[in-house]
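As structure tokens, then:
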């Protein structure tokens, strides 16, 4: 509520990607349709969040990060309602907002707290095999992150495992989905961890997976089968059933190689 030379602080809580109204009303109600109205954030170098002068919203002087995301309620200005609507809330929107009518010497402030979005627990899947290295290809996916996180793979002893570049997609809600793929070879424990973390928001999510010994044995058997096939003379007619990957059970099934003589 605006009062002469009175700075009041109201606390508003919201979450990322939500729409929020920062309240500001004149008491007693009066028509401010022709007045200059300023919404600012004193902590920003470019402090103007929304400015209305001579009945027009001034877009050019507002902070670029708020472009297209703020609006007043023009139909309610005659009743003294100068609340600000803020759309697609971002983590960077957190801070103190000052509602000011300079010529009337009236202002109040609102403290906006943006709750951290709970990111998903990473999902690990066995997506294939690497015949050249004799390893298992693991895929890790996680979503609903903000800001953009980092992805790490670790073995059973906590050592970093080298992986390919992380694929990152930013959705229309400004939340990030990340995907990482790594090829792992036989280790002492055959246990691996996909860790997704965001240092700015102090969030960490991780998932562990144990690659069964049967999978490693199947890969070895497959390579031996293929190698044997390549060494057979052209006089023979080979019948080879290639290994199959059962994605539902996360196991590899390798069928026996049979060779038929001509």
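Residue numbers (mature numbering (1 follows the signal peptide of the UniProt record, and there is no 0)): -17 to -1, 1 to 245.
Glycine is no exception: its CB is placed at the ideal position from the N, C-alpha and C atoms.
Asked	Found
For residue 113, does the three-state DSSP call read helix, strand or coil?	strand
When DSSP labels each residue in this structure, what does residue 76 get in the three-state scheme?	helix
With three or more beta-carbon pairs closer than 8 angstroms as the criterion, would you say the segment 36 to 55 touches the segment 93 to 110?	no
In or out: residue 158 buried (at least 16 other Cβ within 10 Å) or exposed?	buried
In the DSSP assignment, find the unbroken beta strand (DSSP E) run with residue 120 in it and report its ends.	118 to 128
With 16 other CB atoms within 10 Å as the buried threshold, where does residue 4 fall?	exposed
If you compare alpha carbons, which of 117, 103, 59 is closest to residue 160?	103
Would you call the CB atoms of residue 24 and residue 101 closer than 9 angstroms?	no
Given residue 44, which residues of its chain have a CB within under 7 angstroms of its CB, disregarding the five upstream and five downstream residues?	31, 34
For residue 91, write down the residues that DSSP places opposite it in a beta bridge.	82
How would you call residue 178, buried or exposed, if buried means at least 16 neighbouring beta carbons within 10 angstroms?	buried
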